[in-house]
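**Q** According to mature numbering (1 follows the signal peptide of the UniProt record, and there is no 0), the residues represented by the sequence shown are -23 to -1, 1 to 318, in order.
One structure is given below, represented as structure tokens, and several questions about it will come after.
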Amino acid sequence: MALSPFVAAVALLLVATFSFGWALPTASELLHFREAPAFRNGPSCVSAPTIHIAVTLDAAYLRGSLAGVLSILRHSSCPESITFHFLAIRPRRFRPAVAASFPSLTFDVYRFDPALVRGLISSSVRRALDQPLNYARIYLADILPRSVHRVIYFDSDLVVVDDVARLWATDLAPDHVLAAPEYCHANFTSYFTDRFWSDPVFPRALSGRRRPPCYFNTGVMVMDLDRWRAGGYTRKLEGWMEVQKREARIYELGSLPPFLLVFAGEVKGVEHRWNQHGLGGDNVEGLCRDLHPGPVSLLHWSGKGKPWLRLDADRQCPLDALWAPYDLLRRDGHDDLFTDI
Ligand SMILES: *[C@@H]1O[C@H](CO)[C@@H](O)[C@H](O)[C@H]1NC(C)=O
């Protein structure tokens, strides 16, 4: 018995819909990315540690996430020793895209349930900062398997241009939960509102820290997940988000200020080369920015402007040229990947 073409088409659509999750992936998500070359371990990697890296995946930043992964592999001395942990609201939608670009990658895609933070997000200066997935880093200790004791979290708008094993080797002794580059010249006061500073109780949360509280960027963090779990840090961060949502407007940015409130002054410092941030420009205009002085191991387009959007619009900033070689988006006809990295 032959199915009518119409029934067959409907059946195919249903199968496709259910196998990819709620929405069908668009062509740009799955078909427009190239396969990256395979990166292999050298003989010296026999005793190399497994490096765990967490990155989020969503439609708006997929191109950035894949570029980040490629940059990490490209500069790693033992690329096959890296395990990637991707977080997505719709895991089945993105797994095929990762597998298509990186067929031999060791990875898992975990579901991040946006309901975890729906009631906790208050609107900020920039809509992109209010996306639930932006808060997924708070839940890594819960979502990743207990067998993962340490993870490096990376934002999706950065490229690594150094061996990530150097960052992985960060010493968190004796009892640090987080390591990240700190920026003590930044005006820490300005990350919180007058309402926060004038409160009789809130600012006391920052006293008694090991060192003066300093700004750090949450786009690059080495996290001790065992200490995180033992210390209940997810709840502590949620506690500040509840204050912001229900009690008083104590900050204007998205997921960053709760991290500052919980960890500032308790972060293990990492060399600034591991987060040359701000290349996206400010949160309002996204103007071009230059690198901070000093060496560079990681370029981070935090801020409003993203290199792939500026490249597409032919409004690129000079440093966007450093992101372009890691772009896996297929361009018509020619495959010029790796001619210039
Ligand atoms: C830091 O920021 C606060 C609040 O925005 C401001 O009142 C203060 O003058 C700033 N301090 C410096 C040293 O710029």
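Backbone N, C-alpha and C define an ideal beta-carbon position, used for all residues, glycine too.
This structure is a prediction, so every number in the text was calculated from the model and none was measured.
#1: Nearer than 7 Å: is that true of the beta carbon of Thr170 relative to any heavy atom of ligand 1?
#2: Can you tell me whether Val94 is buried or exposed, with buried defined as 16 or more other CB within 10 angstroms of its CB?
#3: In terms of alpha-carbon separation, which member of Ser81, Pro270, Phe179, Gly96 lies closest to Glu215?
#4: Looking at the secondary structure, which residues open and close the alpha helix (DSSP H) in which Asp119 lies?
#5: Looking at the strands, I want to know which residues DSSP matches up with Leu135.
#6: Is the separation between the beta-carbon of Phe10 and that of Arg307 shorter than 8 Å?
#7: May I ask you to check if the CB of Ser175 is nearer than 7 Å to at least one heavy atom of ligand 1?
#8: Have a look at Ala4 and Ala77 and give me their C-alpha separation to the nearest angstrom.
#9: Taking buried to mean at least 16 other C-beta atoms within 10 Å of its own C-beta, is Ser167 buried or exposed?
#10: Measure the C-alpha to C-alpha separation of Gly(-3) and Glu12 and round it to an integer number of angstroms.
#11: As a quick exercise: from Gly208, Asp139, Pro180, pick the residue whose alpha carbon is nearest that of Asp119.
#12: Give the range of the alpha helix (DSSP H) segment to which Ala44 is assigned.
#13: Given Ala241, which residues of its chain have a CB within under 8 Å of its CB, disregarding the five upstream and five downstream residues?
#14: Given a threshold of 16 other Cβ atoms within 10 Å of its Cβ, counted over all protein chains shown, does Arg266 qualify as buried or as exposed?
**A** Reading it off the structure:
#1: Because no heavy atom of ligand 1 lies under 7 Å away, the Cβ of Thr170 does not count as near it: no.
#2: Only buried fits Val94, as 16 or more other CB atoms lie within 10 angstroms of its CB.
#3: It is Gly96.
#4: The continuous alpha helix (DSSP H) containing Asp119 extends over residues 117 to 120.
#5: Under DSSP, Leu135 shares a beta bridge with His277.
#6: A contact, by the Cβ cut-off of 8 Å.
#7: No, the Cβ of Ser175 stays beyond 7 Å of every heavy atom of ligand 1.
#8: Since pLDDT at Ala4 reaches only 46, below the 50 mark, its modelled position is unreliable, and no value is offered.
#9: Residue burial annotation: Ser167 is exposed, with fewer than 16 other C-beta atoms found within 10 angstroms of its C-beta.
#10: Reliability of the predicted coordinates at Gly(-3) is poor, the pLDDT of 40 falling under 50, and the value obtained from them is presented with this limitation in mind. Between the C-alpha atoms of Gly(-3) and Glu12 there is a straight-line separation of about 23 Å.
#11: The residue with the shortest Cα to Cα distance from Asp119 is Gly208.
#12: Annotation: the continuous alpha helix (DSSP H) that includes Ala44 extends over 39 to 52.
#13: In the same chain as Ala241, and ignoring 5 residues on each side of it, the C-beta atoms closer than 8 Å to its own belong to Phe165, Leu183, Arg186, Pro190, Cys191, Tyr192, Phe193, in chain order.
#14: Around the beta carbon of Arg266, 16 or more other beta carbons lie within 10 angstroms, which makes this residue buried.
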